[in-house]
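Report on the following structure.
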Amino acid sequence: MTVTIVGAQLGDEGKGGIVDVYGDAADIVVRYQGGDNAGHTVVHEGDEYKLSLVPSGAVRGKIGVLGNGCVVNPETLFDELSALRERGLDPDVRVARRAHVIMPYHRVLDGIEEEMKRESDDEIGTTGRGIGPTYEDKAGRRGIRVGDLLTPDVLRDRLERVVPEKRAVVEDVFGVDVETLDDPDALDTDAMYEHARAYGERLAGQTVNAGQFIADARDDGKQVMFEGAQGTIIDIDHGNYPYVTSSNPTAGGAAVGSGVSPGVVGEGTTLGIVKGYLTRVGSGPMPTELGGVEGDTPGYDEQGSGENEELATYIREEGGEYGTVTGRPRRVGWLDMPMLRHSARVNGFTGLAINHVDVLAGLDEVRVGHSYTLDGDERLTMPATTEQWGRCEANVRSFDGWAPFDSAAVAREGYEAIPANARAYLDYVSGELETPVYCVGVGPGREETVVTEAVW
Ligand code: GDP
Ligand code: IMO
Ligand code: MG
0 MTVTIVGAQL
10 GDEGKGGIVD
20 VYGDAADIVV
30 RYQGGDNAGH
40 TVVHEGDEYK
50 LSLVPSGAVR
60 GKIGVLGNGC
70 VVNPETLFDE
80 LSALRERGLD
90 PDVRVARRAH
100 VIMPYHRVLD
110 GIEEEMKRES
120 DDEIGTTGRG
130 IGPTYEDKAG
140 RRGIRVGDLL
150 TPDVLRDRLE
160 RVVPEKRAVV
170 EDVFGVDVET
180 LDDPDALDTD
190 AMYEHARAYG
200 ERLAGQTVNA
210 GQFIADARDD
220 GKQVMFEGAQ
230 GTIIDIDHGN
240 YPYVTSSNPT
250 AGGAAVGSGV
260 SPGVVGEGTT
270 LGIVKGYLTR
280 VGSGPMPTEL
290 GGVEGDTPGY
300 DEQGSGENEE
310 LATYIREEGG
320 EYGTVTGRPR
330 RVGWLDMPML
340 RHSARVNGFT
350 GLAINHVDVL
360 AGLDEVRVGH
370 SYTLDGDERL
380 TMPATTEQWG
390 RCEANVRSFD
400 GWAPFDSAAV
410 AREGYEAIPA
420 NARAYLDYVS
430 GELETPVYCV
440 GVGPGREETV
450 VTEAVW
């Protein structure tokens, strides 16, 4: 049996928390895409852990695997491992030899490309971790893989070809003087060779052939959980391109990015993680957006500072909606049902985890974007082009609000203890997506989740 955890929206739905809630029965937790652009939170007994590359199962002492679909910055991995050790955890993370390595020049290029796009106001608002440039090199067949770090001759050959190319791009395409960069060594072949070789030596004991490692573990009866990062609408194929990340957070990515067959993922549980409203960090359309964030929200100036802006600020503060990785304020909107219908279809969710139901408590009214109007027609799902999506107007439905409640007590008592109006809201979402609710987040902690269905 496997369990696959997938973000149903734009990231930050509370995936880390759900990995933790259901992680007790897992033996291995596998990240299958993304890198240290992710920021997953686990809260247990008052301790809050922010995990970036280390799979969230580490909090429960589970073996973590970074699959071939991940991009790994060894520097941030080792920093994170030692920060977790200092807090008393003993993380055991195996890294796929097929995973690609984020090199310092990838971060430099991420920064320069965003800066250039900012001049024409079309930046993505990336996390600046070098994610896009690393996946570009993977697709361009000039990437450095974790396995290459262990083979100095191969590493040297590859860097001798790649680093001068990167230097030329920085200097000749972008017109940036390398010596003015914070890290000019990032464009120096010898320095990059030493950097990568040294990390290769440190990583040597923890690299694996991930697909084989997972298959052997399953043959031994071990339970495997796949931990998606980011979310469906920032998937490079199924999201709102180009305002996306460069990998496939969707359920299909779990197979490709870890080396198990699609059948293995398909016969298990695929849990869609839904935030009870919507947040977004970075640019791109958001038809149900309330108040915007300067620099990220297209047309921010027109959004003004009316009632919606106040509501957005209220939800942002109640929900602590500030980026885990970059600290940026998140854009806030109502739940977007056409987005969720698209997401449910793409991923084939067998169950839903709906989080942040406590954050909405205390509002008189909770709204959802039930459908869109585009060019005079009503639509129940997202159009395929971002240009069209940007022109969609949300048709809103209203639900009566619910009063604040004692989250831990409700979680102990079960689903029926959730306020009736909140249950009406959850039943609507579940009904529209034709997918049962497996659990409901009523607070950030492990004990603040109402679990109605087992996943294993
Ligand atoms: P992830 O990237 O999907 O793992 O989500 P993040 O960790 O980036 O953001 C989710 C935030 O909401 C974290 O601070 C969580 O601790 C918190 N959180 C998760 N579920 C709930 C919930 O049901 N209620 C509240 N109030 N906070 C939650
Ligand atoms: P978790 O796993 C929310 C967004 C960035 C930007 C776009 C591209 O915590 O849910 P990138 O650095 O990946 O090239 O940035 O994707 N983004 C996320 N938004 N949660 C995340 O991860 C994200 N990872 C990337 O803000 O808009
Ligand atoms: Mg996050």
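Following numbering that gives the first Met the number 0, the numbering of the sequence shown begins with 0 at its first residue and continues without gaps.
Idealized CB from N, CA, C, for every residue including glycine.
DSSP puts residue i in a beta bridge; with which residues?
i, result
"Met224", "Val2, Val28"
"Pro73", "Beta-bridge pairing links Pro73 to no other residue."
"Phe398", "Val365"
"Glu392", "Thr372"
"Tyr48", "Val41"
"Val100", "Val71"
"Asn346", "Answer by DSSP bridge pairing: none, since Asn346 is not bridged."
"Ala95", "Val207"
"Glu288", "Gly332"
"Arg279", "Arg330"
"Ile130", "The partner list for Ile130 (beta bridge, DSSP) is empty, contrary to what the question assumes."
"Asn420", "Asn420 pairs with nothing; no bridge assigned."
"Thr125", "Answer is none; Thr125 lacks a bridge partner."
"Arg378", "Tyr371"
"Lys116", "Paired residue(s): none; Lys116 is not in a bridge."
"Gly305", "Paired residue(s): none; Gly305 is not in a bridge."
"Asn354", "Lys274"
"Arg144", "His99"
Tell me which same chain residues have a C-beta within less than 7 Å of the C-beta of residue i, skipping the five on either side of it?
i, result
"Gln205", "Val92, Arg93, Val94"
"Ser429", "Leu351, Pro435, Val436"
"Thr312", "Gly290"
"Met381", "Pro337, Met338, His341, Trp388"
"Ala190", "Asp184"
"Met115", "Phe173"
Apply the 10 Å Cβ neighbour rule to residue i and answer buried if 16 or more other Cβ atoms are within range, or exposed otherwise.
i, result
"Val100", "buried"
"Gly174", "exposed"
"Thr179", "exposed"
"Glu79", "buried"
"Thr133", "buried"
"Lys274", "buried"
"Asp501", "As displayed, the chain neither begins before 0 nor continues past 455, which places residue 501 out of reach and without an answer."
"Trp455", "exposed"
"Gly45", "exposed"
"Val395", "exposed"
"Pro248", "buried"
"Arg86", "exposed"
"Asp363", "exposed"
"Ser245", "buried"
"Asp234", "buried"
"Glu288", "buried"
"Ala269", "Per the sequence presented here, residue 269 reads as Thr, with Ala not at that position. Looking at its Cβ environment, which holds 16 or more other Cβ atoms inside 10 Å, Thr269 is buried."
"Asp19", "buried"
"Ser119", "exposed"
"Ser397", "exposed"
Please work out which residues of its chain come closer than 6 Å, Cβ to Cβ, to residue i, disregarding the five sequence neighbours upstream and downstream, and give them in chain order.
i, result
"Asp399", "Asn420"
"Asp26", "Lys221, Gln222"
"Pro261", "Ala254"
"Gly389", "Pro284"
"Pro461", "Absent from the model: residue 461. The displayed extent of the chain is 0 to 455, so no value can be given."
"Ala360", "Trp401, Pro403"
"Gly238", "Ile232"
"Gly210", "Gly258"
"Tyr414", "Val449, Thr451"
"Ala203", "Leu149"
Excluding the 5 residues preceding and the 5 following residue i in the sequence, name in chain order all residues of the same chain whose CB lies nearer than 8 Å to its CB.
i, result
"Asp357", "Pro403, Phe404, Ser406, Gly440, Val441, Gly442, Glu447"
"Leu154", "Ile143, Asp147, Leu148, Tyr192, Ala195, Arg196, Gly199"
"Arg378", "Pro337, Ser370, Tyr371, Thr372, Cys391"
"Leu186", "Tyr104, Val107, Val162, Lys165, Arg166, Val169, Val177, Leu180"
"Thr188", "Leu158, Glu159, Val162, Pro163"
"Val207", "Val64, Arg93, Val94, Ala95, Arg96"
"Asp295", "Gly124, Arg279, Val280, Gly281, Ser282, Arg327, Arg330"
- Query: Quick one, what's near the ligand MG if you take every residue whose CB is closer than 5 Å to any heavy atom, in chain order?
  - Reply: For the ligand MG, the selected residues are Asp11, Gly38, Thr323.
- Message: Pairs of beta-carbons, one from the segment 102-111 and one from the segment 47-61, closer than 8 Å: are there three or more?
- Response: Judged by pairs of C-beta atoms under 8 Å, the segment 102-111 does not touch the segment 47-61, as fewer than three such pairs exist.
- Task: Mind the definition here: the segment 410-417 touches the segment 313-322 only if three or more C-beta pairs lie below 8 Å; say whether that holds.
- Result: The way I'd put it, the segment 410-417 doesn't touch the segment 313-322; fewer than three beta-carbon pairs between them come closer than 8 Å.
- Could you say if the segment 225-233 and the segment 131-150 meet the contact criterion of at least three C-beta pairs nearer than 8 Å? Here the segment 225-233 makes no contact with the segment 131-150; the two share fewer than three CB pairs at distances below 8 Å.
- Query: Would the segment 337-346 and the segment 13-21 be scored as touching if the rule is three or more Cβ pairs under 8 Å?
  - Reply: Between the segment 337-346 and the segment 13-21 there are fewer than three inter-stretch CB-CB distances shorter than 8 Å, so the stretches are not counted as touching.
- Message: With a threshold of 8 Å, are at least 3 pairs of Cβ atoms found where one atom belongs to the segment 268-287 and the other to the segment 119-139?
- Response: Because the criterion of three Cβ pairs below 8 Å is met, the segment 268-287 and the segment 119-139 touch.
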